[in-house]
Amino acid sequence: MAEPTLLAFLLLLLVFNAPSGSFSAATKDESVYESFLQCLEKNTNPQDKISNLVYSQSNAAYTSVLRAYIRNARYNTSATPKPLVIVTPTQISHVQATVICTKKVGYQLKIRSGGHDYDGISYISDTPFFILDMFNLRSIEVDIKDESASVQAGATLGELYYKIWESSKGHGFPAGVCPTVGVGGHLSGGGYGNMLRKYGLSVDNVLDAQIVDVNGKLLDRKAMGEDLFWAICGGGGGSFGVIISYKIKLVPVPETVTVFRVERTLDQNATDIVYKWQLVAPTISNDLFMRMLLQPVTRNGKQTIRASIVTLYLGDSDSLVALLGKEFPELGLKKENCNETSWIQSVLWWANFDLGTSPDILLDRNPNDANFLKRKSDYVQKPISKDGLEWLWKKMIDVGKTGLVFNPYGGRMSEIPASATPFPHRAGNLFKIQYSVNWQEAGKEADKKFMTQIRRLHSYMTSFVSKNPRSAFLNYRDLDIGVMEPHKDSFEQGSVYGYKYFNDNFDRLVKVKTAVDPENFFRNEQSIPTLPRKA
């Protein structure tokens, strides 16, 4: 009988000698979870069975729910900080309760609609946090008579485009080209797409919105007031509350649109074409959007740069060929380079599907799909000279894999005042640059290699881009340009990235933030800070 007693003694010894932190942390987490759940049950309808929508780390489905909308594999590792709880609301009242109860237990709340934040800040944090995962709140109601649609934050752009197409073949919406992006993050951050020169940004076409504020109240545009409505149309929703839905204005699209993609390498006159593109793409007809991608490639054993021009033209191919023959003869565009199609088919083509693919594919959310990636952004206000471009080609080849995407502005973008929405990059900007690198290899070495590459190229571009501040685009999230330290609400730290993203609009955003969330409950690594408190 002595053996079991000895075993019990040894087990007790192990317990008393184990690091106390791990037990106390686990006990604290359990206690926070219980308090949170009790609070949720108290603040929701018993029939809703809210506990079925809450995933703690011990829940068998926790990992699959967390991973479903992680879109950057850099943040899907065992070392990535994980939320204590994921809440997946199916009703607005669940969102209201989640805000009230997260505040009560003193945790941080991260809000995820599609998971496409490039630096993952909708689902990671260095402080204890919960995720409010909006994917169930995805209803879309299209009113063609009114030429509007109401779309919830958890819907995807693909679902929105599909619903518009179902209701009308003569309407569209100017938003992003990636169908799995969530509406909540895209619109609140000032989303754009290939109709921005014709119709401006997504947020230039928002009529109303619903938000749950820091007190758990549901507010529409009238109830929230024009300042808060202004702030959530480009200032990032996650600083001010939980975006529930937007009412958007649909835009007319012609029965026939035209798309084409042409590629040139350096020995095919690419430098002249890139130089001329800078003069033409931002000034040509507002019906034409010509994105340009620059990528180091190997051809016949020799490294070169490939320039690809990818377009959407709101018209037929004859008028497009005539227009570019006059404005951009260097391109040598011929009718056989062009594809005439419908607007919904152009959406599919831009999303890398073949023309003729069924629009049903836009309803595929493609969960658990993530590359290792990094993105950065810049704005160009004066054309880069041919000498400058030739210097840049050498640097791009030297750096390695990082590519550049040039997105032309002008048109409607130059007509809308910089202060109309928080997004300030309007007249005076020729084009926006996206720096882009993807890789397949997991691990710290590959991460360091590609992160160093993209940062080097960004540094080389300094003399070609905007200055004081060196502007950046909020929806191309880039934590390299400045972060708010955990547990801090520092105007000084926030202004480092804030002026880059929002220029002169940052100060107004800070005033709105101070008015609607003075305790800084809604916060993240690049949220809007409150005004410094007077001593």
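Using mature numbering (1 follows the signal peptide of the UniProt record, and there is no 0), the letters of the sequence shown correspond one by one to residues -22 to -1, 1 to 513. The beta carbon of each residue, even a glycine, is placed where N, CA and C say it ideally should be.
So, helix, strand or coil for residue i, using DSSP?
i	result
residue 112	coil
residue 436	helix
residue 292	coil
residue 431	helix
residue 341	helix
residue 317	strand
residue 107	strand
residue 504	coil
residue 119	strand
residue 127	strand
residue -1	Confidence at residue -1 is low in this model, with a pLDDT of 49, below 50, so the placement of that residue should be treated as unreliable; the coordinate-derived value is given next. The answer is helix: DSSP assigns residue -1 an H, G or I state.
residue 492	helix
residue 486	helix
residue 280	strand
residue 209	helix
residue 461	coil
residue 134	strand
residue 300	helix
residue 443	coil
residue 99	coil
residue 286	strand
Alpha carbon to alpha carbon, how far is residue j from residue i? Give it in angstroms, no decimals.
i	j	result
residue 87	residue 194	13 Å
residue 496	residue 508	6 Å
residue 290	residue 152	12 Å
residue 162	residue 475	21 Å
residue 144	residue 117	15 Å
residue 488	residue 426	34 Å
residue 419	residue 350	8 Å
residue 262	residue 16	60 Å
residue 238	residue 317	6 Å
residue 328	residue 155	6 Å
residue 227	residue 140	16 Å
residue 498	residue 301	52 Å
residue 35	residue 424	29 Å
residue 73	residue 442	45 Å
residue 79	residue 192	11 Å
Which whole-angstrom value describes the C-beta separation of residue i and residue j, a residue pair presumed to lie in contact below a C-beta threshold of 8 Å?
i	j	result
residue 147	residue 233	7 Å
residue 253	residue 367	6 Å
residue 503	residue 48	So it is not a contact: roughly 16 Å between Cβ atoms.
residue 377	residue 292	The pair is not a contact, with the Cβ atoms about 36 Å apart (cut-off 8 Å).
residue 18	residue 32	7 Å
residue 455	residue 96	4 Å
residue 61	residue 109	4 Å
Just to confirm, does residue i get its C-beta within under 8 Å of one of the non-hydrogen atoms of the ligand MN?
i	result
residue 59	You won't find the ligand MN in this model; it holds no ligand whatsoever.
Do residue i and residue j have their C-beta atoms closer together than 9 Å?
i	j	result
residue 357	residue 409	yes
residue 165	residue 221	yes
residue 111	residue 66	yes
residue 240	residue 219	no
residue 41	residue 343	no
residue 229	residue 183	yes
residue 21	residue 75	yes
residue 383	residue 309	no
residue 435	residue 374	yes
residue 315	residue 359	no
residue 248	residue 210	no
residue 167	residue 90	no
residue 94	residue 125	no
residue 480	residue 213	yes
Ignoring anything shorter than 3 residues, give me the beta strand (DSSP E) runs that lie fully in the stretch 29 to 97, in order along the chain. 32 to 34, 63 to 65 and 86 to 90
Contiguous beta strand (DSSP E) assignments of at least 3 residues, all confined to the stretch 223 to 278: 235 to 243 and 266 to 277
Start-end ranges of the alpha helix (DSSP H) lying completely within the stretch 344 to 426, minimum 4 residues: 364 to 377 and 390 to 393
Unbroken stretches of the alpha helix (DSSP H), 4 residues or longer, contained in the stretch 137 to 201: 161 to 166 and 174 to 177
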